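Structure record follows, encoded as structure tokens.
Protein chains: 2
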Amino acid sequence: MTNRAYSAELAQLAGLLADRTRATFCLALLDGRAWTAGELAAYAQVAPSTASEHLNQLTEGGLLVERRQGRHRYVQLASPLVAELLETLTAHLDPPAVQPRGLRAANASAALARGRTCYDHLAGRLGVAVTDAMTGRGLLDQEGGFALTDAGRAWLTDDLGIEPAALRAGRRPSARGCLDWTERRQHLAGVAGARLCDRLLDRHWIRRIGTGRAVRLTPDGATALHDLLGLDGHAAGLI
Amino acid sequence: MTNRAYSAELAQLAGLLADRTRATFCLALLDGRAWTAGELAAYAQVAPSTASEHLNQLTEGGLLVERRQGRHRYVQLASPLVAELLETLTAHLDPPAVQPRGLRAANASAALARGRTCYDHLAGRLGVAVTDAMTGRGLLDQEGGFALTDAGRAWLTDDLGIEPAALRAGRRPSARGCLDWTERRQHLAGVAGARLCDRLLDRHWIRRIGTGRAVRLTPDGATALHDLLGLDGHAAGLI
DNA sequence: GCGACGCTTCGGCGGCCACCGAAACGTGCC
DNA sequence: GGCACGTTTCGGTGGCCGCCGAAGCGTCGC
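Sequence order for the protein chains is W and U. Start counting the first sequence at 6; every next residue gets the next number (the working numbering). Start counting the second sequence at 6; every next residue gets the next number (the working numbering).
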């Protein structure tokens, strides 16, 4: 059977993520940025030598790409497709049983739940709220999967100034849903989600908090989203 | 970080698929039917005791559900979501390096490439041809992800007699793309894909070949698809 | 140039796990 | 009841793999 040929490859791919440390690396890299080997080692609490070996596996397996720069080794997810793969897998996980402990952890956790990037698009309450507002205004159609409406495409290009060419990508769908970890609901992903997130960062409507994935809505951003989408940041718990 | 809580679960989930034998089981079960423990053991060429232990893991991990019936243990993928998860993973694999050897294997492989079921919807040249024909007739919109158009929804209900309620499901998207193993192109999946496949089987427009996943277009089916979609079965290499 | 630093390579250790065969269990058939 | 058969449980075994520390390599800064 054809399956037999695939099963070894499938097992190999899954094996890359089947280790706690490597899984931690990949989830950390879901923020879309490049990390150094040392940062990842410290983050996952393993020896640098251990991290180095794991990174070899992940790059050889095609999940990560690396860039050597001076004495640093920067690694990054190989492509948005890898990010989508990770999102799909994490979406199938049960909600975590443990709650974060301690004030510091609780604050960080609350900030992440409020708003964050998910590889290259928005997630958390912010991501879901924007998605809902777009759907409510007829910019996005969630009936048959995720799809931009004509009005939605016009909104992104005319109102937000996104190049029409930048919305039409090859293999990657222009709009797709991504199941939100904290909200357990879909938010906008795909090319449109990525470009939208770029735009909001460009215009300083959202800003990264610290070095992590968390983002917060700026006052300018709250005004802009209210004008553009009728979104009330306070009511939606975004501020 | 929140990631740390997820990484253990992610590693656990991936670990279920990180074994060659378990991966073989899951890919076999992608045909959507229930297999007995013994069938799977023979298929994957392991001892029954080994298969039993693997099935325990897969069911405890939530990927499979089982039904005890007499002295048989039937197992099945737990839900369409699991099938989608597997499809997503296999879609990220490289095309297999090895070609099937021997006449028998080549025949089986050709039949699978011509048409097959992918869990609960159509795949292979047949699946892609139907998807393309639907897109060409404006029944399906592939611009912004996969979405049924109004005309497409009407076609499924009026021309094929599918209940409108059967197209509107909860968590599962009504239409989505699924990357085809053999064609390396997208075909229609999701609820619409499943109902469409049901219909074609009901009306004997397609028929299963042997006990595997392969299906073939019947003469009636060729006529019907020509009338409904303008699809020429011979030209498309479906017959 | 010299030390600090980030990273890698290597050897070794420990634990986990996939596998099997043998024996036991339960069901269906005669 | 007795046998055949599908399945499970249980030890035992071998191999793989994740981990570390020590040593080595290249880069940067003083």
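Ideal placement from N, C-alpha and C gives every residue a C-beta, glycine not left out. It should be emphasised that the depicted structure is a prediction, and the values quoted were computed from it without experimental measurement.
Where does the unbroken alpha helix (DSSP H) through residue i begin, and where does it stop?
| i | result |
| --- | --- |
| V133(W) | 129-141 |
| A229(U) | 224-234 |
| A194(W) | A194(W) -> not in any alpha helix (DSSP H); beta strand (DSSP E) instead, spanning 191-194. |
| R25(W) | 25-34 |
| E58(W) | 53-65 |
| E92(U) | 85-96 |
| R158(W) | 155-159 |
| E44(U) | 42-49 |
| L172(W) | 169-172 |
Checking contacts by CB at 8 Å: is residue i closer than that to chain U?
| i | result |
| --- | --- |
| H126(W) | no |
| A170(W) | no |
| P101(W) | With a pLDDT of 44 at P101(W), under the threshold of 50, the modelled position of that residue is not reliable, and the figure given next carries that caveat. Closer than 8 Å: yes. |
| R90(W) | Here residue 90(W) turns out to be Leu, not Arg, going by the sequence shown. Taking Cβ atoms only, chain U reaches closer than 8 Å to L90(W), which makes this a yes. |
| D146(W) | yes |
| R38(W) | no |
Could you list which residues in chain U have their beta carbon closer than 7 Å to that of residue i, in chain order?
| i | result |
| --- | --- |
| T95(W) | Y11, L15 |
| L98(W) | Y11, E14, L15, L18 |
Who are the neighbours of residue i on chain W, taking C-beta pairs under 7 Å?
| i | result |
| --- | --- |
| A23(U) | A16, A19, G20, A23 |
Taking 8 Å as the CB-CB cut-off, is residue i touching chain W?
| i | result |
| --- | --- |
| R106(U) | Because the pLDDT of R106(U) is 47, which lies under 50, any placement of that residue in the model is unreliable, and the number read from its coordinates should be weighed accordingly. So, not an interface residue. |
| A152(U) | yes |
| L32(U) | yes |
| L86(U) | yes |
| G175(U) | In this prediction, G175(U) scores a pLDDT of 49, lower than 50, which makes its location untrustworthy; no coordinate-derived value is stated. |
By the DSSP assignment, the beta strand (DSSP E) with residue i in it spans what residues?
| i | result |
| --- | --- |
| Y124(U) | No beta strand (DSSP E) holds Y124(U); DSSP gives it neither H nor E. |
| R213(W) | 211-213 |
| R72(W) | 69-74 |
| R78(U) | 77-82 |
Exercise. Determine, using beta-carbon pairs with one atom in the stretch 48-62 of chain W and one in the stretch 119-133 of chain W, whether at least three such pairs fall under 8 Å.
Key: At 8 Å Cβ cutoff, the stretches do not touch.
Quiz item: Any chance the stretch 69-83 of chain W sits against the stretch 31-50 of chain W, with 3 or more Cβ pairs inside 8 Å?
Solution: When Cβ pairs closer than 8 Å are counted between the two stretches, the stretch 69-83 of chain W is seen to touch the stretch 31-50 of chain W, the count reaching three or more.
Quiz item: How about the stretch 189-200 of chain U and the stretch 212-230 of chain U: do they share at least three Cβ pairs that are nearer than 8 Å?
Solution: Output reads no: the stretch 212-230 of chain U does not touch the stretch 189-200 of chain U.
Quiz item: So, do the stretch 159-168 of chain U and the stretch 84-96 of chain U have three or more beta carbon pairs nearer to each other than 8 Å?
Solution: No, because fewer than three Cβ pairs between the stretch 159-168 of chain U and the stretch 84-96 of chain U fall closer than 8 Å, the two stretches do not touch.
Self-check item: Three-pair Cβ contact test at 8 Å for the stretch 48-58 of chain U versus the stretch 24-36 of chain W
Solution: No, they do not touch.
Quiz item: At a cut of 8 Å, does the stretch 196-216 of chain U reach the stretch 225-240 of chain U through at least three beta carbon pairs?
Solution: With the cut-off at 8 Å, the stretch 196-216 of chain U and the stretch 225-240 of chain U touch.
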